[in-house]
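Worksheet: one structure, shown below.
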Amino acid sequence: MAGLSWGKYLTSSHFWGPVANWGLPIAAIMDSQLTPEKISGKMTPALCVYSVLFMRFAWKVQPRNMLLFACHFTNEVTQLFQLGRYADFYYRQTPEQQEETRKFYKEKALEKQRQSEEKAKKAKEAKEKSA
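Residues 1014 to 1144 in the working numbering are what the sequence shown spells out, letter by letter.
Have a look at this one:
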């Protein structure tokens, strides 16, 4: 942003709009750890189109908004990844493979829960020990 000082840039919608938009790709990245059954077959392609349109907008607007472009580029990549996972699960995998996938993600969630419980237990023990 050639003509704006950093102070004006940080208080402009050219900055805060993209910052708020980062919630979309962050959520998609976090959701990539979940089972493909959680992916919406309608919303994911809609988000792909949305991000392509806003990447074009960010490129065409003057001055160019590269922060917005980066946000939507990241979202586009993550949504395409999610769409691939969805298509693989529902259209390529056999019912047996789908069951294996469900089992894998269920075990992954249980392991994460066990680790969380162990961490809480250790924190409680450390607190009791220091008291």
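Where is the CB? At the ideal position from N, CA and C, for every residue including glycine.
- For Gly1036, the enclosing alpha helix (DSSP H) covers residues 1036 to 1044.
- Rounded to the nearest whole angstrom, the CA to CA distance from Glu1050 to Phe1082 is 29 Å.
- Cβ-Cβ separation between Gln1110 and Ile1052: approximately 16 Å, too far for a contact (criterion under 8 Å).
- Under the three-state reduction of DSSP, Ser1018 is assigned to coil, being neither helix nor strand.
- Apart from the 5 residues on each side of it in sequence, Pro1038 sits with its Cβ closer than 6 Å to the Cβ of Thr1087, Asn1088, Thr1091 in its chain, given in chain order.
- Rounded to the nearest angstrom, the gap between the Cα atoms of Trp1029 and Arg1115 is 39 Å.
- If the five residues before and after Leu1060 are omitted, its C-beta is found closer than 6 Å to the C-beta atoms of Gln1092, all from its own chain and listed in chain order.
- For Thr1024, the number of other beta carbons within 10 angstroms of its own is below 16, and it is reported as exposed.
- Considering only Phe1102, Pro1058, Val1065, the residue with the shortest C-alpha distance to Cys1084 is Val1065.
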